[in-house]
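Number 93 in UniProt numbering belongs to position 93 of the sequence shown; there are no gaps in the numbering.
Just so it is clear, CB atoms sit at the ideal spot from N, CA and C, and this is done for glycine as well.
Fair warning: this is a prediction, and the values are worked out from it, not measured in the lab.
Structure first, then comments.
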Amino acid sequence: MKKRLIHYDLLRIFAAYLIVMLHLSVQYIRQAPASFEAYTQWEYAIAFSAFSRIGVPIFIMLSGLFLLNPDKNISISAIFTKYLPKIVLLFIAWSFFYAFAEQDFYRQVWASDFHFQKCWHDMDQQLFWHSVLRGNYHMWYLYMLAGLYLITPFVRIIAAHATKRQFCYFMGLCILITFVTKFNDSLWKLKPLSETLDTLSLTFAFGYVGYFLAGYFLDKIFSDSASDLAVSQSTEAAALHDWKTFCQVIFNKLKQKLDKLNKYAILIYLLGAGAFFFTVAWTVHANPMFGFRFPELILFSNYSPTVFLMSFAVFTFTARLKHLQFPRFLRIIAKKLPKYMLLVYMIHPFFIVEARRGGLLLDSTSAFSLPFNAFIVFLISLVISIVLQQIYEGFRRISKWIIKYIR
């Protein structure tokens, strides 16, 4: 694992972009369209939003891929001294940031010529501290990640010793329990079923643990059998520096090796594609034109079996690219940008609001503006994240120098 896994670095960047698209898509799909043309655009927006739902699951699967790797030494003490403190510090810092932003503190400070004390006293103090404790809407991810860190030492034992058959059994159980529990809570509301599930107490096989384990096992199962997708040495040098040659090489290799593709990978692709089309079709069917005020989006949950299958398909496809020789500009991107993706995740909701205020985004009446708007917000968030990271690293170096000098 010391060698950079370029395909997963690129997947992390793509997942961060999808999360930005997910949060932007709320404006496109949350209310009923008022005309036939608007409903058509709403249908397209549903498709974009449905696909963007895999962003967070892929983040979790990538965490599982690296944290459950037996070559990586993660002790219980490391969980409490390295991983959890980072989560706590992130939560505290960004909770304060968004608690100020919620009451427009930064604009008021700017308008008042930086009279911080006056702006502070003008704030609703009770709301502010409540917001600090609660965190912004997207910061649930940090709670979930902290929970996964706490059980990582035990899940690593499962990952190290489970067979492929046992993994498939656990994933099937995870999807089934998650699906039945969530759909019963949101849709069926069958009290006997709810009582039965509570009595079974199968919380360990619920939700995000499945994604966490899937990241490690899908890589283990499919990346080692992906050598048939590698480009030949005779064309490798040209492919690394020329985009057209790269595309042609990949097309030819895929065509030549189609009959050798892993049948289980093909099955996962088909299930993922089917899950996507089913999600869109069912959602459109459940929300007929002029037949709803607020849409029914039950299949859009991270716990939806369709989101599981779509996430598995994209992750499996990426795992199969392990031996692919990427062009130089993609290798540069994969080397430089992934470390900023958590910061992009933390800061992008702020820039969604600010970009809308500043008129930087295209009108949401067209669904096809959604990918473009997501790219704009992602790019702004990335640039600011790079700046913040450089400032942090600068302070860190200065602090180390001061401590060393004092000693």
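*Three CB pairs or more closer than 8 Å across the region 384–403 and the region 340–347*: The region 384–403 makes contact with the region 340–347; the number of CB pairs closer than 8 Å reaches 3 or more.
*Apart from the five residues on each side of it in sequence, which residues of its chain come closer than 6 Å, Cβ to Cβ, to L193?*
Here residue 193 refers to the residue found at position 193 of the sequence shown. Annotation for L193: N184 place their beta carbon closer than 6 Å to its own, counting only its chain and skipping 5 residues before and after.
*asked:* If the criterion is Cβ atoms closer than 7 Å, does the pair A101 and F350 meet it?
replied: Taking the first residue of the sequence shown as position 1, residue 101 is located at position 101. Taking the first residue of the sequence shown as position 1, residue 350 is located at position 350. Taking a C-beta distance under 7 Å as the contact criterion, A101 and F350 qualify as a contact pair.
*Around the Cβ of residue 428, are there at least 16 other Cβ atoms within 10 angstroms (buried) or fewer (exposed)?*
Nothing in the structure corresponds to residue 428, since the chain is present only between 1 and 407.
*Could you tell me if S49 is buried or exposed, where buried requires 16 or more neighbouring beta carbons within 10 angstroms of its beta carbon?*
Translated into positions along the sequence shown, residue 49 becomes position 49. Around the beta carbon of S49, 16 or more other beta carbons lie within 10 angstroms, which makes this residue buried.
*A32 lies in the alpha helix (DSSP H); which residues open and close that run?*
In the sequence shown, counting from the first residue as 1, residue 32 sits at position 32. Per DSSP, A32 belongs to no alpha helix (DSSP H) and is neither H nor E.
*Answer with buried or exposed for V20, where buried requires no fewer than 16 other C-beta atoms within 10 angstroms of its C-beta.*
Looking up residue 20 in the sequence shown gives position 20. V20 counts as buried, since no fewer than 16 other beta carbons sit within 10 angstroms of its beta carbon.
*Can you tell which of T279, M346, L22 and A334 has the C-alpha that lies nearest to the C-alpha of L10?*
By one-based count along the sequence shown, residue 10 stands at place 10. Comparing C-alpha distances from L10 to each of T279, M346, L22 and A334 shows the shortest one belongs to A334.
_Using the three-state DSSP reduction, which class does E296 fall into: helix, strand or coil?_
Within the sequence shown, residue 296 is the residue found at index 296, counting from 1. Here E296 sits in coil by DSSP.
*Let me know if T81 comes out buried or exposed under the rule of 16 or more other beta-carbons within 10 Å of its beta-carbon.*
Counting from 1 along the sequence shown, the entry for residue 81 is found at position 81. It is exposed - the Cβ of T81 has fewer than 16 other Cβ atoms within 10 Å.
*Check whether the Cβ of S385 lies closer than 6 Å to any heavy atom of the ligand FMN, and answer yes or no.*
Of the ligands one can find in the structure shown there are none, so the ligand FMN has no counterpart to examine.
*Contacting residues, own chain, Cβ-Cβ under 6 Å from S95 (five flanking each side not counted)*: Taking the sequence shown and counting its residues from 1, one reaches residue 95 at position 95. Shown here for S95: same chain residues with a beta carbon closer than 6 Å to its own, the five before and five after excluded, namely V132 and G135 in chain order.
*Who are the near neighbours of F116 in its chain, counting only those whose CB is closer than 7 Å to its CB and skipping five residues on each side?*
Reading the sequence shown from its first residue, position 116 is the one you call residue 116. Around F116: V109.
*Roughly how many angstroms lie between the CA atoms of H138 and A286, to the nearest whole one?*
Stepping through the sequence shown from its first residue, residue 138 is reached at position 138. Stepping through the sequence shown from its first residue, residue 286 is reached at position 286. Distance between the alpha carbons of H138 and A286 is about 27 Å.
*Using the beta-carbon count (16 or more within 10 Å), is L24 buried or exposed?*
Position 24 of the sequence shown, counted from the first residue, corresponds to residue 24. Per the 10 Å Cβ criterion, buried.
_Complete runs of the beta strand (DSSP E) confined to the region 51–125 [at least 3 residues]_ = With a minimum length of 3 residues, no continuous beta strand (DSSP E) run stays inside the region 51–125.
*With burial defined as no fewer than 16 other Cβ atoms inside 10 Å of the residue's Cβ, what is the status of residue 418: buried or exposed?*
Since the displayed the chain opens at 1 and closes at 407, residue 418 lies outside it and no answer follows.
*Beta-carbon contacts of F59 that lie in its chain and below 7 Å, excluding the five residues immediately before and after*: Numbered from 1 along the sequence shown, position 59 holds the residue referred to as residue 59. Leaving aside the five residues that flank F59 on each side, the residues in its chain whose CB is nearer than 7 Å to its CB run, in chain order, A15.
*Would you kindly check if the distance between the Cβ of I347 and the Cβ of L360 is under 7 Å?*
By 1-based counting over the sequence shown, the position of residue 360 is 360. By 1-based counting over the sequence shown, the position of residue 347 is 347. No; because the gap between Cβ atoms is not below 7 Å, this pair is not in contact.
*C-beta atoms of residue 437 and L362 nearer than 7 Å*: Limits of the chain in this structure are 1 at one end and 407 at the other, which puts residue 437 out of reach.
*asked:* Taking only three categories from DSSP, how would you classify Q325?
replied: Taking the first residue of the sequence shown as position 1, residue 325 is located at position 325. The answer is coil: DSSP assigns Q325 none of H, G, I, E or B.
*asked:* Under DSSP, the alpha helix (DSSP H) around Y340 begins and ends at which residues?
replied: As a working mapping, residue 340 is identified with position 340 in the sequence shown. Neither: Y340 is in no alpha helix (DSSP H) and is coded neither H nor E.
*Between R4, I29, P33 and L5, which lies nearest to F290 when the distance is taken from Cα to Cα?*
Counting from 1 along the sequence shown, the entry for residue 290 is found at position 290. With distances taken between Cα atoms, F290 lies closest to P33.
*The alpha helix (DSSP H) enclosing W188, as first and last residue numbers*: Taking the first residue of the sequence shown as position 1, residue 188 is located at position 188. It is not in any alpha helix (DSSP H) - W188 carries neither H nor E in the DSSP assignment.
*Alpha-carbon spacing of S112 relative to T181, whole angstroms*: Stepping through the sequence shown from its first residue, residue 112 is reached at position 112. Stepping through the sequence shown from its first residue, residue 181 is reached at position 181. Between the alpha carbons of S112 and T181 lies a distance of about 51 Å.
_Span separating the alpha-carbon of L53 from that of Y141_ = Position 53 of the sequence shown, counted from the first residue, corresponds to residue 53. Position 141 of the sequence shown, counted from the first residue, corresponds to residue 141. Reading off the sequence shown, one finds Arg at residue 53, where the question assumed Leu. Here the C-alpha atom of R53 lies approximately 14 Å from the C-alpha atom of Y141.
*Under a Cβ-count criterion, where at least 16 other Cβ atoms within 10 Å of its own Cβ denotes burial, should V231 be classed as buried or exposed?*
For the purposes of this step, residue 231 is taken as the residue at position 231 of the sequence shown. Annotation note: pLDDT 47 at V231 (below 50); position unreliable, no value reported.
*Near R156, which residues of its chain fall below 6 Å by C-beta distance, leaving aside the five closest residues on each side in sequence?*
One-based indexing of the sequence shown puts residue 156 at position 156. Cβ neighbours of R156 beyond the five flanking positions: L68.
*Taking Cβ to Cβ, would you say S301 is nearer than 7 Å to P57?*
Within the sequence shown, residue 301 is the residue found at index 301, counting from 1. Within the sequence shown, residue 57 is the residue found at index 57, counting from 1. Cβ distance not < 7 Å, so S301 and P57 don't count as in contact.
*Expressed to the nearest angstrom, what Euclidean distance is found between the alpha-carbon atoms of residue 420 and K86?*
Residue 420 falls outside the range modelled here, since the chain spans only 1 to 407, and no answer is possible.
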